[in-house]
Amino acid sequence: VWAEAMEIYRSGRWKLTFSPEMVRYLKEHQRDFMPEDTKAGMIQAFLDSYPGDTVCSKQLYKEALNHAFDEPKQWEIREINEIMNQCVTGWNYFSNPRMFAGYGRQKGWEREQKAKADACALATDTGNGAGKTPEGFTPVPEQMELPF
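For the sequence shown, the numbering used here gives the first residue as 11, with consecutive numbering after it.
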């Protein structure tokens, strides 16, 4: 076994990388141990209720982080970009600039197709009838017995 390992090492036909599945798992696991970022939470909450399909960094700075009258500094834009690319789910980056009302031509993010369908379903759901009995009541599951 040692000779085989040395032969592979000397040939240069080796690499020390994880499989793509392992990389995804490790990134998810790593998030569990990262400190909470309040800005990431504010941005995700804003995007979850946002009716549009595209956003830009300036828009997130002004609307999600409540800086309506301030101009973002370059480091704040970089911070928002990092949050969007690393922490926020359901949005994909696009590099070709698009027009944003009030913000001009900007690069940004667009909602993923599955997330679009979910947001559309939430927007059209009036809350009447879904999961209700014919009489209009919401079924309540029977409570389990206490074990003691």
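Ideal Cβ placement from N, Cα and C applies to all residues, glycine included.
None of these values were measured; they are calculated from a predicted model.
Roughly how many angstroms separate the alpha carbons of residue 19 and residue 29, rounded to a whole number?
As a first step, residue 19 is located in the sequence shown; it is residue number 9 there, counting from the start. As a first step, residue 29 is located in the sequence shown; it is residue number 19 there, counting from the start. Roughly 20 Å separates the two Cα atoms.
Can you tell me whether residue 40 is buried or exposed, with buried defined as 16 or more other CB within 10 angstroms of its CB?
Here residue 40 refers to the residue found at position 30 when the sequence shown is read from its first residue. Residue 40 should be labelled exposed.
Option nearest residue 90 by Cα separation, candidates 118, 60, 11 and 37:
Numbered from its first residue, the sequence shown carries residue 90 at position 80. The option with the nearest alpha carbon to residue 90 is 118.
Within the segment 60-133, note down every full beta strand (DSSP E) run reaching 3 residues or more, in order along the chain.
64-66, 101-110 and 114-121
Once DSSP output is grouped into helix, strand and coil, what is the label at residue 135?
Here residue 135 corresponds to residue number 125 of the sequence shown, with the count starting at 1. Reliability of the predicted coordinates at residue 135 is poor, the pLDDT of 49 falling under 50, and the value obtained from them is presented with this limitation in mind. Three-state result, residue 135: coil.
Hey, quick one: how far does the alpha helix (DSSP H) through residue 11 stretch, first residue to last?
For the purposes of this step, residue 11 is taken as the residue at position 1 of the sequence shown. Careful: residue 11 lies outside any alpha helix (DSSP H) and carries neither H nor E.
Distance between residue 45 and residue 67 (C-alpha atoms, nearest Å):
Counting from one through the sequence shown, the residue named residue 67 turns up at place 57. Counting from one through the sequence shown, the residue named residue 45 turns up at place 35. So the alpha carbons of these two residues sit roughly 22 Å apart.
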